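Residue numbers (the numbering used here): 4 to 147.
Contents: one structure, followed by commentary.
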């Protein structure tokens, strides 16, 4: 009978040790996962950069969206209020390190169609000046 108690106590200790090891493995796994996610977020944030946009179109801009050339998806409207002519705003280009060519989609106040500035090289640009020729319906931009 004494042996049975010792055997039972032995197995209880083994189970407790295994549970502790399992918990430790889970803690190490979760900690590693959190560290990896933080690293990915920091790495991705390093590719984002700010771009100052100046509206010299002659019209208020009520909608502003960007995508990298070749992508089908556009960013959401980045303006909460219309940007008047001669005013500026700052936008963040996400994953700016992938490609240099970007498309810019704007809608002017009072219009219901988009104007698209295509293949704008924004790799080194810190300033983007938007212009618009209403006679030819041509969007024009300059980077600095």
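Yeah, the Cβ is synthetic: ideal placement off N, Cα and C, and Gly gets one too.
Note that the structure is predicted; figures quoted are calculated from it, not measured.
- The three-state secondary structure of residue 117, taken from DSSP, is coil.
- Beta-bridge partners of residue 68 (DSSP): 108.
- Judged by their CB atoms, residue 117 and residue 109 are nearer to each other than the 8 Å cut-off.
- For residue 56, the enclosing beta strand (DSSP E) has its first and last residue at 52-58.
- Short of 8 Å from the beta carbon of residue 82, and not among the five residues preceding or following it, lie these beta carbons of its own chain, in chain order: 64, 65, 66, 67, 92.
- DSSP places residue 130 in the uninterrupted beta strand (DSSP E) bounded by 130-136.
- In the structure shown, residue 96 falls within a strand segment according to DSSP collapsed to helix, strand and coil.
- For the 8 Å CB-CB criterion, residue 130 and residue 55 form a contact.
- If you compare the alpha carbons of 111, 115, 140, 53 with that of residue 88, the shortest gap goes to 111.
- For residue 53, same chain residues with a beta-carbon under 6 Å away, outside a window of 5 residues either side, are 93, 95 in chain order.
- As computed with DSSP, residue 88 is found in no beta bridge at all.
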